[in-house]
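Encoded as C-alpha cells, the structure appears first; notes follow it.
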Amino acid sequence: MSANTGEPNVPAMFAPLTTIGPGVLEKLHVALEDAAGREGILDVAYRTIDTPVGTLLLAATERGLVRVAYDSEDHDVVLEGLATTLSPRILHAPRRLDTVAREIDEYFARRRTGFDVPLDFSLTTSFRRSVLEHLPQIAYGHTQSYADVARTVGNPKAARAVGSACATNPLPVVIPCHRVLRGDGTLGGYVGGPAAKTALLDLETAAA
Amino acid sequence: MVVEMKQPFEKVVTEHSATVLRVCRAIVGPTDADDAWSETFLAAMRAYPELPADAKVEAWLVTIASRKAIDLLRARRRRATPVDELPEKASGEIAVTSASDVWMHVKDLPEKQRQVIAYHYLAGLPYADIAEILGGSSDAARRAASDGIATLRRHLTEAGSEGDTR
Chain A
12 MSANTGEPNV PAMFAPLTTI GPGVLEKLHV ALEDAAGREG ILDVAYRTID
62 TPVGTLLLAA TERGLVRVAY DSEDHDVVLE GLATTLSPRI LHAPRRLDTV
112 AREIDEYFAR RRTGFDVPLD FSLTTSFRRS VLEHLPQIAY GHTQSYADVA
162 RTVGNPKAAR AVGSACATNP LPVVIPCHRV LRGDGTLGGY VGGPAAKTAL
212 LDLETAAA
Chain B
226 MVVEMKQPFE KVVTEHSATV LRVCRAIVGP TDADDAWSET FLAAMRAYPE
276 LPADAKVEAW LVTIASRKAI DLLRARRRRA TPVDELPEKA SGEIAVTSAS
326 DVWMHVKDLP EKQRQVIAYH YLAGLPYADI AEILGGSSDA ARRAASDGIA
376 TLRRHLTEAG SEGDTR
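Just so you know, the protein sequences line up as chains A and B, in that order. Mapping the first sequence onto the numbering used here, position 57 (from 1) lands on 68, and the numbers just tick up by one. Mapping the second sequence onto the numbering used here, position 3 (from 1) lands on 228, and the numbers just tick up by one.
Here's what the structure looks like:
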C-alpha cells in the first residue's frame with residue numbers, strides 16, 4: 012500500500028448514517044435528565060440564571076437547593092467541587108430548578124421578599140447552619156450586625172464565626188447573608204463581592 | 226500523591242455524546258440508536274462514581290455502548306420475522322433515506338467487523354484498546370476492520386452505480 016492512500020476515509024462513507032441533525036443530542040440529553048431523575052441517580056441537577064448581579068449557578072440535590080454560586084466563584088470550579096464533596100453524578104437539568112429560578116426572578120423584579128423552596132444544608136457545618144437558618148428571619152429590607160446575629164443564635168462571643176458562616180454561605184441571595192453588616196454599619200465582606208451586596212441591599216430598600 | 230479529581234458527569238456527556246451516538250448508529254442502525262445511546266449513558270451514570278479517576282472514559286463508554294447495542298440487536302432479532310429481510314423502514318425521525326441506505330449494507334456485516342469499524346473509525350479508538358474491549362489481538366481487530374471496509378466499499382459502490390443506470 013502506498014503511503015499516500017493511508018487509511019480509507021471511512022467516516023465519509025458512513026456520513027449519511029452518522030451525521031447528527033440539529034437538536035438530536037439536545038433531545039437525548041433531556042431524555043437522560045428525565046430517566047436519571049426517575050431512577051434516583053441524578054444526585055445533583057444544575058442550571059444558570061441571569062440576574063442583575065450576574066449569572067448565578069443553581070444546584071439542587073433530591074432534597075433541595077444545595078448551592079447558589081456567583082460568576083466570580085467560577086461555575087466550573089464550583090461544579091467540580093460538588094462532584095468531589097457530594098457526588099459526580101451531576102447533570103445540567105434545569106427542570107429541578109424551575110421553582111427556585113422563578114422565585115429568584117420574582118425577587119429581582121421586587122415581587123417577592125422571601126423564598127420557600129426546600130434547602131439542602133449538606134455543604135455547611137452545624138454551627139454555620141444554625142447561623143444560616145436564622146438569616147431569613149432578618150426581615151426583607153432590614154439589616155443586622157454580625158454581633159446581633161451571634162446573640163440571636165445564643166453565642167454572643169461568636170461574631171467572627173458568624174462572619175465566616177456568612178462568608179461561606181453556600182446559598183447566597185436565597186439565604187440573605189447580604190443583610191448582615193459590620194457593627195459600625197459598614198458593608199463587611201460578601202461572597203459575591205461588595206457591589207453585589209450593595210445591589211441587593213439597594214433593591215430591598217427601594218422596594219420596602 | 227496526586228488526588229485524582231472526577232469531572233461532573235455532565236462533562237462526560239458533553240464530550241462523548243456525539244461519538245457514542247455514531248457508534249450506536251453503526252452497530253444497531255438509525256432506528257434503535259437513540260435507545261442504545263440512552264441506555265449507555267444511564268448505565269454509565271449509574272456506575273460513574275466507582276469508575277477509577279484515571280480510566281479511559283471514551284473506551285469505557287464505548288464498551289458499555291457495545292454491550293447495550295448488541296443486547297438491543299439480539300432482542301430485535303428475536304422479534305424479527307422473515308419479512309424483516311426487506312430494507313427497513315425506519316420510524317425515527319433521524320432515519321433519512323440515505324441513512325437507511327447505508328445502514329442496509331452496514332447491518333449485513335458480521336457483528337465483530339461492524340463493532341471494530343465503529344470503534345476505530347467513528348470513536349477513534351486504537352486497535353490495542355479495541356482488542357481489550359472485544360478480546361483477541363489488535364492484528365485481528367485490524368483485519369476485521371479492513372475486511373469489513375472492503376465489503377462495505379464494494380456494496381456501496383455497486384449501490385451507487387445501480388443508481389446511476391436507473
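Ideal Cβ positions, reconstructed from N, Cα and C, are used throughout, including at glycine.
Item: On a CA-only basis, which of A:S83, A:K38 and A:L93 is nearest D70 of chain A? Give me that one, please.; Value: Checking the sequence shown, residue 70 of chain A turns out to be Ala, not Asp. Here the closest residue by C-alpha is A:L93.
Item: Name the chain B residues that come within less than 7 Å of I52 of chain A, Cβ to Cβ?; Value: M270 and R271
Item: For S137 of chain A, name the three-state secondary structure that DSSP assigns.; Value: helix
Item: Does DSSP classify G121 of chain A as helix, strand or coil?; Value: It is worth fixing the name first, because residue 121 of chain A is Arg in this sequence and not Gly. Three-state result, R121 of chain A: coil.
Item: Do Y346 of chain B and V287 of chain B have their C-beta atoms within less than 9 Å of each other?; Value: no
Item: Does the separation of the CB atoms of T154 of chain A and L143 of chain A fall below 9 Å?; Value: no
Item: Can you tell me whether L130 of chain A is buried or exposed, with buried defined as 16 or more other CB within 10 angstroms of its CB?; Value: buried
Item: Would you kindly check if the distance between the Cβ of R113 of chain A and the Cβ of L146 of chain A is under 9 Å?; Value: no
Item: For the putative contact between I149 of chain A and P187 of chain A, defined by C-beta atoms under 8 Å, what is the C-beta separation to the nearest angstrom?; Value: 6 Å
Item: Just how far apart, CA to CA, sit L10 of chain A and R74 of chain A?; Value: There is simply no residue 10 of chain A to check, as chain A begins at 12 and stops at 219 in what is shown.
Item: Among the residues of its own chain, which have a CB less than 8 Å from the CB of S141 of chain A, if the five just before and after it don't count?; Value: V164
Item: From the DSSP secondary-structure annotation, give me the bridge partner or partners of A36 of chain A.; Value: The sequence given here has Leu at residue 36 of chain A, not Ala. DSSP output for L36 of chain A lists no bridge partner at all.
Item: Considering only residues of the stretch 333-382 of chain B, which uninterrupted alpha helix (DSSP H) runs meet the minimum length of 4 residues and lie entirely inside it, listed in chain order?; Value: 336-342 and 352-359
Item: Measure the alpha-carbon distance for L67 of chain A versus A284 of chain B and round it to whole angstroms.; Value: 35 Å
Item: Spell out whether any CB of chain A is found under 9 Å from the CB atom of Q232 of chain B.; Value: yes
Item: So, for F234 of chain B: in the same chain, excluding its five sequence neighbours on each side, which residues have a beta-carbon less than 6 Å away from its beta-carbon?; Value: M270 and Y273
Item: Any contact between the stretch 27-42 of chain A and the stretch 243-258 of chain B? By contact I mean 3 or more CB pairs, one from each, below 8 Å.; Value: yes
Item: To test your reading of the DSSP string, which unbroken beta strand (DSSP E) runs of 3 or more residues are found completely within the stretch 21-72 of chain A?; Value: 55-62 and 65-71
Item: Which whole-angstrom value is the C-beta distance of A218 of chain A and R78 of chain A, which I expect to be below 8 Å?; Value: Contact doesn't hold; Cβ gap of about 26 Å is too wide.
Item: Check the C-beta distance from A375 of chain B over to I342 of chain B and give it rounded, since I have them as a contact under 8 Å.; Value: Not a contact, Cβ separation roughly 11 Å.
Item: If you measure beta-carbon to beta-carbon, which residues of the stretch 337-365 of chain B are closer than 7 Å to chain A?; Value: I342, Y346 and L347
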